[in-house]
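So the structure is just underneath, and the comments pick up after that.
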Amino acid sequence: MATAPPTVPAVDTEAAIALTRDLVRLRTVNAAGAAEVEQPAALLVQRLFDAFGWTYDVVEVAPGRPNTVAVVEGGGGDGPTLMFEGHIDVVTEGDPADWSVDPYGAEIRDGKLWGRGAADMKSGVAAMIHAVRALQLAGPFPGRVVVGVLCDEEGLMLGAKAFAASPLAREVDGVVVCEPEGYEVCTSARGGIRLRLDLHGVMAHGAMPQEARSPVVAGARVVDALAGVQEWAQERYGTHPHAGSVTVTPTVLLGGDPDQLNVIPAHAVVGVDVRTVPGTDHAELIDRVRQSAEDAAGGVGVSVGLTVVDDRPAVEIAEDHPVVTALVDAHLQVHGRKPPFGAVPGTTDGTILTRDAGLPTVVYGPGGKWIAHQKDEYVEVREIAEYARVYAAAARAFLTGGAR
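Residues 608 to 1011 (my numbering) make up the sequence shown, in order.
Right, dumping it as structure tokens:
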């Protein structure tokens, strides 16, 4: 591996790679009803923090689901507080037979480290931890660094919500979320709204449709109407230079029983995944979905109940914010060229930290931008070292620059 420039704190890159492998080997799937999810990986991280002599708190957000948050004092006087953040839960691997490698083998082959969570985002967690350790070993620095290893990002982001509500969150001046973004510095993230539309009709025999008010037919009409909502939203809110346009995507259509094909059901459900861009009025958009669904279903005598399952805003940070410029300068220092700006296609814990605590967040981490949640997930091994070096250099720049 190439030698880092002398001004970049010397990162133990082999240790960062080894930690990534150790984390990937732990099956921390965010599964409903699991007795524990992140606990094994959290214990591994806590043992490492103990070895470093770091002070940390463990908060059990839900049974078997801890946040582990370390505070590393710089010893160089007053200064800002920088946070590196990552999660250690992963989505399911699905059918292991669909993989060409063991999903939890952490095999290194062809310059890639393979396995569930390799990119999303255990490599980012390992890189940020060893970057902060390198910064600490390089000598005193002003201010302090918060290392947040949080739970439940792949679910309802309970870990981020818990940290955002903590007193420590109010002291943070900038956050680097270490999610995989393929060398982009993501200054924006799309918002997400998850909607459930419950369609209520009248049950009847399939041979007598005139006696029914079919929620299945209504569901088809609602799905068609949602395309019109998307068209309206894209015209209303325009195209963001990085985040693109609003999308309104039907993801669930449930109604009836395959074993009762001669029965028109009384109820059906349409699920909708809405993705928004900075500047989108979520309340206005939700009302548009409700009205369009009611109009479409009402044409066949079916009523609609709308439930907002989750609502996460689109977020954005200025490109000249100190935490962004520190990352850009550090990337230039390590790679010899400036990184492109981009947007997170989904949401991250950073969305919650910005929404609930007002924290300025930027997303930048190892791994391909589109690899998350796919089979044969991997991260390029060299990226773990590269990102750790950038994190260390960015932390030094941010903290010595006095971001407050």
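Idealized CB from N, CA, C, for every residue including glycine.
In the DSSP assignment, ASP963 falls within the unbroken alpha helix (DSSP H) covering 956-964. For TYR663, the enclosing beta strand (DSSP E) covers residues 662-669.
Judged by beta-carbon spacing, ASP927 lies beyond the 8 Å limit of VAL784, meaning their Cβ atoms are not closer than that value.
Within the region 707-744, the runs of alpha helix (DSSP H) that reach at least 4 residues and sit entirely inside it are, in chain order, 730-744.
Distances from the CA of VAL915 to each of LEU804, ASP629, LEU655 and PRO673 were compared; the closest alpha carbon is that of LEU804. By the Cβ criterion, the region 744-759 is in contact with the region 669-683, since at least three pairs of Cβ atoms, one from each stretch, lie closer than 8 Å.
Straight through space, the alpha carbons of VAL665 and ASP864 are spaced by roughly 46 Å.
The three-state reading of DSSP puts SER899 in helix, counting H, G and I together. As far as DSSP is concerned, MET764 takes part in no beta bridge. Residue PHE948 holds the alpha-carbon nearest to the alpha-carbon of TYR971 among PHE948, TYR663, ARG962 and PHE659. DSSP links ILE871 through a beta bridge to ALA811. If you keep only unbroken alpha helix (DSSP H) runs of at least 4 residues inside the region 871-943, you get 889-905 and 929-942. CA-to-CA, the gap between ALA964 and SER773 works out to about 9 Å.
GLY722 and ALA704 have their alpha carbons spaced roughly 13 Å apart. Residue pairing by DSSP places GLY683 opposite no residue, since no beta bridge is assigned to it. In this chain, the beta strand (DSSP E) harbouring PRO857 covers 854-862. DSSP, reduced to helix, strand and coil, places ILE978 outside both helices and strands of the structure shown, so it counts as coil.
At least 8 Å separates the beta-carbon of LYS982 from that of GLU791.
At a Cβ-Cβ threshold of 8 Å, ASP629 and LEU650 do not count as neighbours. For THR794, the enclosing beta strand (DSSP E) starts and ends at 792-796. If you compare the alpha carbons of ALA713, GLY671 and ASP657 with that of ALA625, the shortest gap goes to ALA713. When DSSP states are grouped into helix, strand and coil, TYR844 belongs to the helix group.
By the C-beta density criterion, ASP866 is exposed, having fewer than 16 other C-beta atoms within 10 angstroms. From the listed residues SER730, GLY762 and VAL870, the smallest Cα separation to GLY640 is found for GLY762.
Secondary structure note for VAL631: its alpha helix (DSSP H) is the uninterrupted segment 620-631. The distance from the Cβ of GLY781 to that of ARG989 is about 27 Å, inconsistent with a contact at the 8 Å cut-off. A contact between stretches requires three or more CB pairs, one per stretch, nearer than 8 Å, and the region 794-804 meets this requirement with the region 889-898. One alpha carbon belongs to MET810, the other to ALA890, and they sit about 33 Å apart. Ranked by how close their Cα comes to the Cα of ARG777, the residues GLN653, PRO967 and ALA999 have PRO967 in first place.
By a beta-carbon distance limit of 8 Å, VAL859 contacts GLY878. Their separation comes to about 3 Å. Per DSSP, VAL652 is one residue of the alpha helix (DSSP H) stretching across 646-659. 8 Å or more divides the Cβ of VAL824 from the Cβ of LEU765.
Under DSSP, LEU806 shares a beta bridge with ALA875 and VAL911.
Sixteen is the threshold: since fewer than 16 other Cβ atoms of the shown chains lie within 10 Å of the Cβ of MET815, the residue is exposed.
Listed in chain order, the non-local C-beta contacts of GLY912 below 6 Å within the same chain comprise ASP805, local neighbours out to five positions each way being set aside.
Following the DSSP letters along the chain, one finds GLU643 in no beta strand (DSSP E), marked with neither H nor E.
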